[in-house]
Each structure stands twice: as structure tokens, then as C-alpha cells.
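Undergrad: The sequence shown runs -22 to -1, 1 to 273 under mature numbering (1 follows the signal peptide of the UniProt record, and there is no 0). Glycine is no exception: its CB is placed at the ideal position from the N, C-alpha and C atoms. In this text, all values refer to a predicted model and were calculated from it rather than measured experimentally.
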Amino acid sequence: MFSSNSWTKCLICLIFITSGNSECPKPQVEGNQHVVLTNDALLKNDFSEGSEATFECANGYVKDQGSESITCTSGEWSTLELTCKKKDCGAPMEMPHLTYEFDKEGTLFGASARAFCDKGYQIQGSSYRQCYATGWSGRSRCEVVTCEEPIDIMNGVISKNHGKQFPEYGDVIQYSCDEGYTLIGNKSIECNEDGEYNSFFPECKDVNDIPLKPTTISTTSASITTTWTVPTIQVSGTHHGIGEHDTNTATISGRYHGIGEHDINAATRNVAVVGSVIGIVIGLGLLSASLHRCP
């Protein structure tokens, strides 16, 4: 027979053994790499009956569904129900003239995006951005392309319609010359998408310093090559029609109508008119006429 004192001792031992066996091992996560123990659970070493262990989503992931906690019951942990999914960074902030090209991950954690600017604009900041747990890396913006400051033109005037020191993409610079000077080159140049002008800077030249363009006058029997450009022709004498002609003098004179205008000294050739002058082109100084040298 056991005394009452002996029964009391046995009961205490049984309680101690039972409580010792009800402790749970340190919880582990198997097959779910996107769920981790919280710091408090990691630092804890004693998980007795009824204890709880708390989990959270790994870096770059957010809770999808389920409870974050498990409970120690009879030496075993309850089933973890927490599931996590990738964080969505969303579309980067919209900026003028800026677009993005995303990889197959779209805007989810780990995705990358490439920044593009519209024509005439260049990227400033990050050309590539990545979706991190904290959001998109870097910053991107587009700035308009600029050209160098246009040089002043001697003996002329430059007109800047953009009102800025450095012309931007699409800005046009206008040039004009003072009286007595002729513009050599384009009267307007434009700043293009590469930060260069679409033409060389023009110059203003004294009209008296510009060499005249040689022109050939074709006849039925010979060619007369002049050393100047002929814009007009005046024929004095009697013109009777095709087949009839009188010998007379053709005086070639006028004004230079190419770039600028200035007088051309008169020149004389003894020719006879056969039929009629068939065409005069004023502009570049091209003359087409039917002439015949008399014997």
C-alpha cells in the first residue's frame, strides 16, 4: 500500500514527465521559400504546450491569405496556412515624353523595365529600373535635346524664334543679310534630334565678290560659252518668222537672279535670228535660244 505522501510524489513526477513531452521543436518551414519566421520566433528556444510561432512573408513578397501563426499542441505544430505572393510595384510614375518596356515579369517583384524617350529627347537618370521590395529602383526622366548656341553672322541678322540661349529640338534659326550682301547657304537651319543642325551656318558675302556662273548658249552651228550668267536676252532688229532673217546685233544683259540680285554688264555678239527665241528661264541663269551665226 502506498501512503498518501508517496502518491503525491508520483503525481508530481507524472506531471513533470507529461509537461516535458508536450514541448514542440523549433518550427521549420519546408517547401515554402517565401515564408519565414519572425525575429521573435527565431530568437525563442522554448516552445511549450500552447505556444505560438509567428511567420511572415519573405522580402519582396506580401500576404496572400491564411493565418501567420501556428500553435504547439501535444508536441506538434498546427499546419501553417499562410501563403505569400510577389509584391507588385505597379507602373513607374508617368513623366512627359517617357515610356517603359517591361520584361515578362511585368511590374512584379524582380521585374526590370527599360526607359525610352520620344524623338528629340534624351534619357536622364536610369535607363533600366528594377522592382525591389521598396519599389522601383532609380529615377528616369526625359530632357529635350539641345543644339549649340548659333554663331552670329557678319553683315547679317540672326533671328531666334525660340527665345532661349541654346536652341532645342525643332527650333528654327533664321538668317538674313544686310543690303549689298548675299546669303550663301540656307536662310534657315533647324536643331535636329541628334543635337546637330540640319545644315551648315550660312554666310553673308559682298555681291561684288561672288563669281558669276558660266553659261552655254547653243546655236545651230556652234556654241558660245560666256563667263557670266545670263538671265535675260534682248534682240534688236527685224524678225520675219521662220526661214527669214536679217543680220543684226543681239544684246545680252540684265540682272543676276540667283542668290541676291545685281547688275550684269552688257555684252554683244553679232548673230542672226532664225525663227524666234524659244525659251528664256530666269532664276539660275539658264538660257535656251535658237541662234545662227551668219557667214
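(1) Would Y153 and I129 be called neighbours here (beta carbons separated by less than 8 Å)?
(2) Can you look up residue 284 in the DSSP assignment and give me helix, strand or coil?
(3) Are there three or more Cβ pairs, one per stretch, closer than 8 Å when the segment 103 to 113 is compared with the segment 82 to 93?
(4) Grab me the residues of L76's own chain with a C-beta within less than 7 Å of its C-beta, minus the 5 sequence neighbours each way, in chain order.
(5) Can you find the residues in the same chain that come closer than 8 Å, C-beta to C-beta, to M132, ignoring five residues on each side of it along the sequence?
(6) Of all the options E174, G173, F179 and P145, which has the alpha carbon lying nearest to the alpha carbon of C155?
(7) So what does DSSP say about S184, is it helix, strand or coil?
(8) Where S(-1) and C35 are concerned, what is the direct C-alpha to C-alpha distance, given to the nearest angstrom?
(9) Note down the Cα distance separating R107 from V122, rounded to an integer number of angstroms.
(10) What three-state label does DSSP hand Q100 in the structure shown?
(11) May I ask you to report which of helix, strand or coil DSSP gives S118?
(12) Which residues does DSSP list as the beta-bridge partners of C125?
(13) Near T32, what residues of its chain come up, given a Cβ to Cβ distance below 6 Å and the 5 sequence neighbours on each side ignored?
(14) Please return the same chain residues whose Cβ sits closer than 7 Å to the Cβ of E54, not counting the five positions on each side in sequence.
(15) Let me check one thing: in DSSP terms, what residues is Y110 bridge-paired to?
(16) Could you tell me which residues DSSP pairs with V7 in its beta bridges?
(17) For V150 and K165, what's the separation of their Cα atoms in angstroms?
(18) Based on Cα-Cα distance, which residue from D187, S115 and L58 lies nearest to E8?
(19) Spatial neighbours of S254 within its chain, please: CB distance less than 6 Å, with the 5 preceding and 5 following residues excluded, ordered by chain position.
(20) Going by other Cβ atoms of all chains shown within 10 Å of its Cβ, with 16 needed for buried, is P74 buried or exposed?
(21) Of the residues Y99, V14, Q11 and G163, which one's Cα is nearest the Cα of residue 282?
(22) With H, G and I counted as helix, E and B as strand and the rest as coil, what does DSSP make of F33?
(23) Roughly how many whole angstroms lie between the Cα atoms of G173 and K142?
(24) DSSP has Y147 in a bridge; who is on the other side?
(25) Candidates S115, T51, S177 and Y78: which alpha carbon is nearest E27's?
TA: On the basis of the supplied data:
(1) Along the sequence shown, one-based indexing puts residue 153 at 175. Along the sequence shown, one-based indexing puts residue 129 at 151. In this structure, I129 does not lie closer than 8 Å to Y153 by Cβ.
(2) Any question about residue 284 goes unanswered here, given that the chain covers just -22 to 273.
(3) yes
(4) Indexing the sequence shown from 1 puts residue 76 at position 98. The residues are A93, C95, S118, R119 and C120.
(5) The residue given as residue 132 occupies position 154 in the sequence shown. Once the five neighbours on either side are set aside, the close Cβ partners of M132 are E181 and C182.
(6) As a working note, residue 155 is residue 177 in the sequence shown. The shortest C-alpha separation from C155 is found at F179.
(7) Translated into the one-based positions of the sequence shown, residue 184 becomes position 206. Reading off the sequence shown, one finds Asp at residue 184, where the question assumed Ser. Residue state, collapsed to three classes: strand.
(8) Taking the sequence shown and counting its residues from 1, the one referred to as residue -1 is at position 22. Taking the sequence shown and counting its residues from 1, the one referred to as residue 35 is at position 57. Spanning the two alpha carbons is a distance of roughly 28 Å.
(9) For the purposes of this step, residue 107 is taken as residue 129 along the sequence shown, with counting starting at 1. For the purposes of this step, residue 122 is taken as residue 144 along the sequence shown, with counting starting at 1. So the two alpha carbons sit approximately 21 Å from each other.
(10) Working through the sequence shown from its first residue, we reach residue 100 at position 122. Strand at Q100.
(11) Mapped onto the sequence shown, residue 118 falls at position 140. If DSSP states are grouped into helix, strand and coil, S118 belongs with the strands.
(12) Locating residue 125 in the sequence shown gives position 147, counting from the first residue. BP columns for C125 are empty, so no partner.
(13) Locating residue 32 in the sequence shown gives position 54, where the first residue counts as 1. The residues are T16, A19, E46 and S47.
(14) Mapped onto the sequence shown, residue 54 falls at position 76. For E54, where only same-chain residues beyond five positions count, the Cβ hits under 7 Å are C2.
(15) Against the sequence shown, residue 110 aligns to sequence position 132. G113.
(16) Counting from 1 along the sequence shown, the entry for residue 7 is found at position 29. DSSP output for V7 lists no bridge partner at all.
(17) Start at 1 with the first residue of the sequence shown, and residue 150 comes out as number 172. Start at 1 with the first residue of the sequence shown, and residue 165 comes out as number 187. Whole-angstrom Cα-Cα distance: 10 Å.
(18) For the purposes of this step, residue 8 is taken as the residue at position 30 of the sequence shown. Comparing Cα-Cα distances from E8 to each of D187, S115 and L58, the minimum goes to L58.
(19) Position 276 of the sequence shown, counting from 1, holds the residue named residue 254. Here the model assigns S254 a pLDDT of 33, short of 50, so the residue's position is not dependable, and the following value carries that caveat. Hits under 6 Å: none found.
(20) Taking the first residue of the sequence shown as 1, we reach residue 74 at position 96. Exposed, because fewer than 16 other Cβ atoms sit within 10 Å of the Cβ of P74.
(21) The first residue shown for the chain is -22 and the last is 273, placing residue 282 beyond what the model contains.
(22) Against the sequence shown, residue 33 aligns to sequence position 55. Three-state DSSP puts F33 in a strand.
(23) Along the sequence shown, read from residue 1 onward, the residue named residue 173 stands at position 195. Along the sequence shown, read from residue 1 onward, the residue named residue 142 stands at position 164. When rounded, the distance between both Cα atoms is 15 Å.
(24) Residue 147 sits at position 169 when you count from the first residue of the sequence shown. Answer is none; Y147 lacks a bridge partner.
(25) Here residue 27 is taken as the residue at index 49 of the sequence shown, counted from 1. Of S115, T51, S177 and Y78, the residue nearest in Cα terms is T51.
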